[in-house]
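Taken in order, these protein sequences are the chains called B and L.
Add 488 to the 1-based position in the first sequence for this note's numbering, that's all there is to it.
Add 522 to the 1-based position in the second sequence for this note's numbering, that's all there is to it.
Glycine included, C-beta positions come from ideal geometry on N, C-alpha and C.
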Amino acid sequence: MTEAPLLEVEHVVHHYTSASRLRPSRSRVTVHAVDDVSFSLARGETLGVVGESGCGKSTLARCLVRLLTPTSGTIRCEGVDITRMSARQLRPLRGDIQMVFQDPRSSLNPRRRIRDSVGAAVRVAGVEDVDARVSELLDVVGLDPRIGGRFPHEVSGGQRQRVGVARALGADPKLIVLDEPVSALDVSIQAQLINLLDDLQDAFGLSYIFVAHDLAVVRHVSRRIAVMYLGKLVEVAASDDLFAAPHHPYTSALIGAIPVPEARHGRSRRRRDVLAGEPPSPISPPSGCRFHPRCPRATAVCAREEPPLVDSGGGHLFACHHPLHLETAAKEVEAGHERV
Amino acid sequence: MSALLNVEDLRVAFVNEKDSYRAVDGLSFDVNPGEIVAMVGESGSGKSVTAMTILGLTRGPGVGISGRILFDGLDLVTAGEAVLQRLRGAEIAIVFQDPLAALNPVQRIGTQIIEQIRAHERISQKAARARAVECLERVGIPSAHERLSAYPHEFSGGMRQRVMIAMALSCSPRLLIADEPTTGLDVTVQAQILAELDDLRAEMGLGVLLVTHDLGVVADIADRVVVMYAGRAVERAPLDAVFDDPQHPYTWGLLGSIPRTDTPRLERLATIPGQPPLPSELPKGCTFAPRCPHRFARCAEAPLLESRLADADHSDRCWLSPEDKRVLRNTGTGIGLLGELAATQ
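This is the structure in structure tokens:
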């Protein structure tokens, strides 16, 4: 890979602070939503970001499109530092990074016709014949261009999400950040949208950051996956590697918790290792490794020292003191000795 | 053995000045004690309307309900409001998808659980309180005694759903209706809640009607499955048969649409073309035909839900022969709905 990455994210931190208005004397509360996240994204690549509610994945997404300004760290798009640019400075670059939100009902203006919502994005891209371009975009996302005359509430959820995608495309972006784009949709409609996103990526050479809680969907769309827990990246790997050999116990627990639609054939209904508990509050994250209170492999060192994100080879990053792959490797060595 | 719940030819229609919408159309199924029956389908398929109708919650002007809902031999369609009031919450309990909407936000959860217990049983406040603690402990809420005085917003989503389940169990019901109980929860929490539901089923001999859109959840805990499409059951089968030998093209479409984590990644997901019909514009004949690549002349006539296989418990509404289905549903990598839609017939 000689080409420079499209997006470079370095040590991005985002803290929300809130002062209690009822008790101003009390100290401010800081929520560590995103804590020291780094990754890069190549052109035409899809990076999936997964994690449970409250892990900071949506905050990260909003930082990337600069709806939020990170507390610290750097975000570079095509080498240009956009981390602290003002709204005015950002304007010419806005078209490059677009976002598709989870709920198109609340992200499309209910009083604007679909044609006008998509048209606004098209104008940003500086297109002359707006109407023709809007019709073309609606057609590209598989909608009848006549739908442009309707209001968002007059179309179905799947169609609304296609409108959301058409609007993002209208600005002629290089990168689209998709925040839970399919989780509100029925499975058959979800599959149609996923295939559409796939086609658009091929046709326009788009890069995606696909944020979702559904690991099965993320695996289907992404070449690389980043797993977040309480604001931290705990594992980043190629999709196939992540599923074949998860290093972090949290990743392994997430994968194990996905219900698989297949016959049970007398197998017990109970899943093997249900991860106990829920993620703790990001207001006061646990010491050391943030996962240690729920981790079946935790030892004293996990509560004391925060594990760094390190590479196990071939770009498979993990942050764990007792990663699963080392144990598997040790077992293989042992088994090898026995055979000899 | 007679079933705990026996729904027969249930029809629910919403009527206004101009039209009549058939939300549920000729639905039959039953639930036995200690059994989890899953009702699967997408939005608008009639699954939630069915759940609400069993509890008598859809009654009202402009709603036409016919057929029978036998609960332990008692017909809930014709039962008086007083009878339903006695059964609801006591014999038949429900857990809704969104506990934040189902719980009263300005009442402590202890008050809400105690209120429910005392509405059905003549026991003291103290005894009801003890029962409430017991129920919360039963569903794995730590320090249950203190948590009684917490408000709904003080719980996480998963814990709130446990509170709902605890409340549902407080009067030892025999039938539990769970309407999308884990939708919106994280997978790890979902696995915990499903395990909890299954424990209760096993220990209390509870019959469960699980309404869900997620075939993965179904595979995890259900015994039998009813697949709904546009108000009708298009397939009804024991669990394994739905995944190993699905008979209805809509079921194939659902199975093919789900990204899998246990098989190699597919280039493309097999989808179902088009969109579900509006209840006001239901097609004549087979309601799935307009979206079905395998439709043929006979689909203009509505097929009945009947067994077309050796297994009498496995019924479907599709005219294709079981031999043809075996070939047509095979995508090479699994089961799915393949092929282009033929031009409108």
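Asked                                                                                                                                                                 : Found
So, is the C-beta of L/S565 closer than 8 Å to a C-beta in chain B?                                                                                                   : yes
Return yes when the Cβ of L/M686 is within less than 8 Å of the Cβ of L/A752, no when it is not.                                                                      : no
Buried or exposed: where does L/Q629 fall if 16 or more other Cβ atoms within 10 Å of its Cβ makes it buried?                                                         : exposed
Which parts of the segment 496-541 of chain B are runs of the beta strand (DSSP E), unbroken and 3 residues or longer, counting only runs that do not cross its ends? : 517-529 and 534-538
Apart from the five residues just before and just after L/T809, which ones in its own chain have a Cβ nearer than 7 Å to its Cβ?                                      : Y751, A752, R754 and P799
Does B/E794 come out as helix, strand or coil in the three-state DSSP assignment?                                                                                     : coil
Among L/R684, L/L722, L/L698 and L/A525, whose alpha-carbon lies nearest the alpha-carbon of L/L707?                                                                  : L/R684
So, with DSSP's three-state summary, where would you put L/V709?                                                                                                      : helix
If we define contact as Cβ-Cβ less than 8 Å, is L/L877 a contact residue for chain B?                                                                                 : Limits of chain L in this structure are 523 at one end and 867 at the other, which puts residue 877 of chain L out of reach.
Which of the three DSSP states, helix, strand or coil, is assigned to B/H783?                                                                                         : In the sequence as presented, His is not what sits at residue 783 of chain B; that position holds Cys. Here B/C783 sits in coil by DSSP.
In or out: B/G658 buried (at least 16 other Cβ within 10 Å) or exposed?                                                                                               : buried
At a CB distance below 7 Å, what residues from the segment 829-855 of chain L approach chain B? Give them in sequence order.                                          : none
How many Å lie between B/N683 and L/L579 at the Cα?                                                                                                                   : 39 Å
Given a threshold of 16 other Cβ atoms within 10 Å of its Cβ, counted over all protein chains shown, does L/P583 qualify as buried or as exposed?                     : exposed
Which of the residues in the segment 534-568 of chain B, read from start to end, lie with their CB under 7 Å from any CB of chain L?                                  : E540 and S541
Buried or exposed: where does B/I602 fall if 16 or more other Cβ atoms within 10 Å of its Cβ makes it buried?                                                         : buried
Are B/L581 and B/I570 close, meaning C-beta to C-beta below 8 Å?                                                                                                      : yes
Indicate the three-state DSSP secondary structure (helix, strand or coil) for B/N597 in the structure shown.                                                          : coil
For L/E487, which residues does DSSP report across the bridge?                                                                                                        : Here chain L has residues from 523 to 867 only, and residue 487 of chain L is not among them.
Name, please, each residue of chain B whose Cβ falls closer than 8 Å to the Cβ of L/L776.                                                                             : V675 and S676
From which residue to which residue does the beta strand (DSSP E) around L/N528 run?                                                                                  : L527 to V537
Quick check: the Cα distance between L/R787 and L/P555, rounded to an integer number of angstroms?                                                                    : 39 Å
Give the DSSP-derived three-state secondary structure of B/R827 in the structure shown.                                                                               : Confidence at B/R827 is low in this model, with a pLDDT of 45, below 50, so its placement is unreliable and no value can be given for it.
Is the beta carbon of L/V730 closer than 8 Å to that of L/V740?                                                                                                       : no
In whole angstroms, give me the CA-to-CA distance for B/L703 and B/L681.                                                                                              : 16 Å
Could you check which residue in L/N538, L/V559 and L/D762 has the C-alpha nearest to that of L/V529?                                                                 : L/V559
Leaving out five residues on either side along the sequence, give the residues of the same chain with a beta carbon under 7 Å from the beta carbon of L/S692.         : I635, Q638, I639, R653, A654 and C657
Find the residues of chain L that neighbour B/S748, judging by a C-beta separation of less than 9 Å, and give them in chain order.                                    : A small fix is needed here, since residue 748 of chain B is Val in this sequence, not Ser. The contacting residues are G738, A741, D742, R782, T783 and D784.
Starting from L/R787, find everything on chain B with Cβ-Cβ shorter than 8 Å and list it in chain order.                                                              : R707, H708, S727 and D728
What residues from the segment 704-715 of chain L come within 8 Å of chain B, judged by C-beta to C-beta, listed N to C?                                              : D708, V709, T710, V711, Q712, A713 and Q714
Check whether the Cβ of L/H735 lies closer than 8 Å to any Cβ atom in chain B.                                                                                        : yes
Indicate whether L/P703 and L/V617 have their beta-carbon atoms separated by less than 8 Å.                                                                           : yes
Suppose the cutoff is 8 Å on Cβ atoms and the five residues either side in sequence are ignored; what does the same chain contact list for B/T534 look like?          : Q689, S695, Y696, I697, F698, V709, S710, R711 and R712
Any Cβ of chain B within less than 8 Å of the Cβ of L/A717?                                                                                                           : yes
Here's the rule: buried if 16 or more other CB atoms are within 10 angstroms of the residue's CB, otherwise exposed. What is B/E826?                                  : With a pLDDT of 49 at B/E826, under the threshold of 50, the modelled position of this residue cannot be trusted, and the question is left open.
Counting only the same chain and skipping the five closest in sequence on each side, list residues whose C-beta sits under 7 Å from that of L/L859.                   : P771, W774, G775, G778, A792, I794 and P815
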